[in-house]
Amino acid sequence: MEIFEQLAAKAKANKKRIVLPESLEVRTLEAASRVLGEGLADIVLLGNKDEIMAKAAEMGLKNIEKATIFDVNTDAKAQQYVDLLYGLRKNKGMTEEEAKKLVYGNPLYLASLMVKNGDADGEVAGAMNATSNVLRPALQIIKMKKGISVVSGAFLMIIPKPEYGNNGMFIFADCAVTPDPTAEQLAEIAVVSASTAKVLGGYEPKVAMLSFSTKGSAKHDCVEKVQTATRLAKEMAPELCLDGEFQADAAIVPSVGKSKAPGSSIQGDANVLVFPNLDAGNIGYKLAQRLSGGVAVGPILQGMAAPVNDLSRGCNVDDIVKMIIITSNQAQ
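Numbered according to my numbering, the sequence shown spans residues 8 to 339.
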């Protein structure tokens with residue numbers, strides 16, 4: 008796929024350090040070996056070195072020796088992470104003993120602390136953990152980008168119809184995280200999704216705020232929420248090509264867009280689609296994927312101060328490699 012060839016080339020040219028906390032999980036370990044062998048990123052694995060190397064040898068993996076392996080039980084730097092976590096969370100009631108227990112007992116906390124401390128540029132996890140388990144330490148430790156209050160999940164959609172989007176490419180959001188965003192949150196999702204389009208898609212975003220109404224064709228509280236979000240997003244990022252509210256056909260079909268929204272800056276040529284809630288986003292990306300025979304890559308987590316990405320527990324090795332490539336590009 009051409010887009011991943013481009014993203015892989017960018018990752019190789021400016022290698023980032025990605026921490027993989029699920030270091031004995033077999034798909035993760037195989038993905039780490041591939042990434043190291045292809046020079047896509049520097050990899051940090053968490054755990055006992057002998058155990059990790061024994062598992063790699065059992066699987067016939069030849070590149071794991073190139074990884075940095077951090078064992079919290081033997082590395083003196085572990086205390087720095089305990090101190091960092093305690094300092095970040097003591098005002099929330101965390102004791103030093105509780106911080107030590109999390110650093111030594113929960114690799115997801117340790118991985119987020121490494122990113123926070125600048126010892127890793129990004130994190131990929133979720134092959135054996137629920138999304139909530141991955142996000143909790145990330146939100147507590149890495150936190151959100153300045154001016155952003157909500158995490159969202161975008162999908163890079165590639166459909167075999169180049170007349171739509173950016174030569175068949177879209178960003179869909181939010182399709183994975185926030186069930187019913189407020190107007191303010193929806194505006195933030197639009198702005199960070201535009202950034203994702205630039206970083207990963209390499210194109211200038213044209214953002215459509217989706218609804219069951221186009222430019223006031225229907226009256227409802229749900230429509231008003233999208234109208235408010237559109238106004239707020241324009242205030243947040245006035246340089247963006249962004250408009251709404253649009254029905255889906257008015258957003259992506261030029262003839263419909265010109266008919267329904269003749270005065271809009273977007274007339275059927277949107278390449279970033281912002282859905283009004285998680286029902287619409289999740290249903291929309293799955294329908295687009297299945298009915299078009301396209302590819303959906305994600306969810307790509309948006310809004311964090313540093314890149315943290317969550318995998319599906321049903322992921323395969325190729326999915327993990329792609330997410331490491333994406334995380335490396337986000338870190339740039």
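C-beta atoms are modelled at their ideal positions from N, C-alpha and C, and glycine is treated no differently. Because the structure is a prediction, the values reported are computed rather than measured.
Exercise. May I ask you to verify whether the region 19–33 touches the region 305–313, counting CB pairs closer than 8 Å and requiring at least 3?
Key: no
Practice problem: Check N336 in the structure and name its three-state DSSP category. | Solution: If you number the sequence shown from 1, residue 336 lands on position 329. In this structure, N336 counts as helix in the three-state DSSP scheme.
Quiz item: Can you tell which of L43, L47, D78, E37 has its C-alpha closest to the C-alpha of A62?
Solution: Counted from its first residue, the sequence shown places residue 62 at position 55. Contrary to the premise, residue 62 reads as Lys rather than Ala in this sequence. If we check each option's Cα against that of K62, E37 comes out closest.
Quiz item: Three-state secondary structure (DSSP) at P144?
Solution: Here residue 144 corresponds to residue number 137 of the sequence shown, with the count starting at 1. Reduced to three states, the DSSP call for P144 is helix.
Practice problem: Would you mind sorting G112 into buried or exposed? The rule is 16 or more other CB atoms within 10 Å of its CB. | Solution: In the sequence shown, counting from the first residue as 1, residue 112 sits at position 105. Result: exposed.
Practice problem: Go ahead and label T138 buried or exposed: buried means 16 or more other beta carbons lie within 10 angstroms of its beta carbon, across all protein chains shown. | Solution: Sequence index remark: in the sequence shown, residue 138 carries index 131 (1-based). Buried.
Quiz item: Looking at the unbroken alpha helix (DSSP H) that takes in E348, where does it start and where does it end?
Solution: It is not possible to answer for residue 348, since the shown part of the chain is limited to 8 through 339.
Quiz item: Alpha carbon to alpha carbon, how far is E12 from D228?
Solution: On the sequence shown, position 5 is the one that residue 12 refers to. On the sequence shown, position 221 is the one that residue 228 refers to. Approximately 44 Å, taken between the alpha carbons.
Quiz item: Is the region 263–271 touching the region 123–139, taking contact as three or more C-beta pairs under 8 Å?
Solution: no
Practice problem: Check the C-beta distance from A303 over to G251 and give it rounded, since I have them as a contact under 8 Å. | Solution: One-based indexing of the sequence shown puts residue 303 at position 296. One-based indexing of the sequence shown puts residue 251 at position 244. Not confirmed; about 23 Å, so no contact.
Quiz item: DSSP puts D317 in a beta bridge; with which residues?
Solution: As a working mapping, residue 317 is identified with position 310 in the sequence shown. A132.
Quiz prompt | Bridge partners - D49, DSSP secondary structure assignment | solution = Residue 49 sits at position 42 when you count from the first residue of the sequence shown. D49 pairs with R24.
Quiz item: So what does DSSP say about K222, is it helix, strand or coil?
Solution: In the sequence shown, counting from the first residue as 1, residue 222 sits at position 215. Looking at K222 - three-state DSSP - the assignment turns out to be coil, as it is neither helix nor strand.
Practice problem: Below 7 Å CB to CB, which residues in the same chain sit around K168 once its five sequence neighbours on both sides are set aside? | Solution: Translated into positions along the sequence shown, residue 168 becomes position 161. Only G175, S299 meet the Cβ criterion.
Self-check item: Which residues DSSP lists as bridging D57, in chain order
Solution: As a working mapping, residue 57 is identified with position 50 in the sequence shown. Looking at the DSSP assignment, D57 forms no beta bridge with any residue, so it has no partner.
Quiz item: G160 lies in the beta strand (DSSP E); which residues open and close that run?
Solution: As a first step, residue 160 is located in the sequence shown; it is residue number 153 there, counting from the start. Residues 159–165.
Self-check item: Segments assigned alpha helix (DSSP H), at least 4 residues, entirely inside the region 240–319
Solution: 255–259, 261–267, 285–299
Practice problem: Give every residue of the same chain whose Cβ lies closer than 6 Å to the Cβ of L193, excluding the five residues on either side of it in the sequence, and list them in chain order. | Solution: On the sequence shown, residue 193 is found 186 positions in, with the first residue counted as 1. Excluding residues within five positions, the ones whose Cβ falls inside 6 Å are A236.
Quiz item: Buried or exposed: where does E32 fall if 16 or more other Cβ atoms within 10 Å of its Cβ makes it buried?
Solution: Along the sequence shown, read from residue 1 onward, the residue named residue 32 stands at position 25. Buried.
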